[in-house]
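Report on the structure given below.
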Amino acid sequence: MDERRRLDYLGAMGVDVWVPRLVAAGRIESSDEIAVVEPSRILPPARVSDPADLRPVSPSAQPIPRTPPAHAEAHEVAPNPVVPGPVASGPVGPALPEALSPPDPALMDWDALAAAVSGCRACGLCETRTNTVFGVGDRNADLLIIGEAPGAEEDRAGEPFVGRAGQLLNRMLAAIGLAREQVYIANVLKCRPPGNRDPHPEEARQCEAYLLRQIELLRPRAILCVGRVAAQNILQTDAPLGSLRGRWLTFRTGAIPLRVTYHPAYLLRSPEQKAKAWEDLVEVVRRLRGEGCAVIGKGNDKDQSD
């Protein structure tokens, strides 16, 4: 069979051929000069966007299909298999060792509580304070006085009510026959807020456990809240001070009588309100003496009357 007829047969079978320049010129000397190209080696014309993409494809560049042996199918394992197991109902991971758990103020005595407050970093106020202000006075006192937060002078001294407001508070106590050393004085916050601003709710929450433990350890017969912020935080209300003062309230559980009065710093700015503050103080001392009302006792460690 001559080469011309062979080319015709190949064309009829759908086999494309590449004819060298010699064949095109009609000078075919050997069949080795004809390279048969299978259709799968040529890019479909519909997918070609640039004539430059029509390049000869080397057979060595084509991927060789791999057919897995029949016996391997039974042992095929998916990558990273997920093995079903029991679903844990408790917390994930091991529990923290007891030594790493934050200490519970409710379990502390006075000294441990004071040390915890001194090293407290539960809120951002620890970054701006000079000293923490834990509290001062008789740890067996009948009367607990609660203020709002330390001011600049209290922050420097580490003691509540040491400025002009503190001096007025001392005179108010002396007027009802009590010395500063005979009562216990604490604040809602143990650190000074910058610029003496009102405490933020989250700051008061961080200090709350410390104050509650102080009240529990002290077990006072009466609480005197001085100022709106202290009263609202202790009573957990947003009522104005004017509606809170002038009557007896109770501290949360109802076991301790509580009275609200004006803050000494406010009385320095508004001396005309001192008469109302005096009325509140008189009621407090009457409560402590048990005049005309029941006295909340502490068992046998304290007398029921003065």
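1 is the number of the first residue of the sequence shown in the UniProt record's numbering; add one for each residue after it.
Just so you know, even glycine gets a beta-carbon here, dropped at the ideal spot from N, CA and C.
Source: prediction; values computed, not measured.
For Ala204, the CB contacts under 7 Å within the same chain, skipping 5 residues up- and downstream, are Val188, Leu189, Asn233 in chain order. Just so you know, the alpha carbons of Met108 and Ala209 end up roughly 11 Å apart. DSSP lists Ile185 as the bridge partner or partners of Val136.
Sequence-distant Cβ neighbours of Thr132 in its own chain, meaning closer than 8 Å and more than five residues away, are Val117, Ser118, Cys120, Gly158, Lys190, Cys191. Counting along the chain, Cys225 sits inside no alpha helix (DSSP H); it lies in the beta strand (DSSP E) bounded by residues 222-226. For Pro201, the three-state secondary structure derived from DSSP is helix. Around the beta carbon of Glu148, 16 or more other beta carbons sit within 10 angstroms, so the residue counts as buried. In the same chain as Val229, and ignoring 5 residues on each side of it, the C-beta atoms closer than 6 Å to its own belong to Glu148, Asp198, in chain order.
In the structure shown, Arg259 falls within a strand segment according to DSSP collapsed to helix, strand and coil. Scanning Gly227, Val162, Gly163, Lys274 for the CA closest to the CA of Asp238 turns up Gly227.
For Leu217 and Gly137, the gap between their C-alpha atoms comes out near 13 Å. Looking at the backbone, the Cα of Gly151 and that of Val162 are separated by about 9 Å. DSSP, reduced to helix, strand and coil, places Gly163 outside both helices and strands of the structure shown, so it counts as coil. In its chain, beyond the 5 residues on either side, Ala231, Val260 have a beta carbon closer than 6 Å to the beta carbon of Leu244. Its chain contains Ala165, Leu168, Leu169 as the residues whose beta carbon lies nearer than 6 Å to that of Pro264, once the 5 sequence neighbours on both sides are disregarded; these appear in chain order. With fewer than 16 neighbouring CB atoms inside 10 Å of its own CB, Pro271 falls in the exposed class.
Under the three-state reduction of DSSP, Gly242 is assigned to helix. A distance of 8 Å or more separates the beta carbons of Ile146 and Val183. Taking a C-beta distance under 8 Å as the contact criterion, Thr128 and Arg156 do not qualify as a contact pair.
Bridge pairing for Leu249: Leu258 [DSSP].
Using a Cβ distance threshold of 8 Å, Gln214 and Gly124 do not count as a contacting pair. Comparing alpha carbon positions, the residue from Gly290, Glu181, Pro193 closest to Asn140 is Glu181. Taking C-beta atoms under 8 Å as the contact rule, Thr250 and Leu241 fail to qualify, at a distance of about 17 Å. Excluding its 5 nearest sequence neighbours in each direction, Pro103 has C-beta neighbours in its own chain below 7 Å: Ala116, listed in chain order. For Leu281, the uninterrupted alpha helix (DSSP H) run begins and ends at 274-289, by DSSP. Annotation: Pro194 to Ala255 spans about 35 Å, alpha carbon to alpha carbon.
The beta carbon of Cys207 sits closer than 6 Å to those of Leu189, Lys190, all from its chain and outside the five residues before and after it, given in chain order. Residue pairing from DSSP leaves Gly151 without any beta-bridge partner. For Ile215, the secondary structure class from DSSP, reduced to helix, strand or coil, is helix.
The residues Val133, Pro160, Val162, in chain order, have a CB closer than 6 Å to that of Glu154 in the same chain once the five nearest residues on each side in sequence are set aside.
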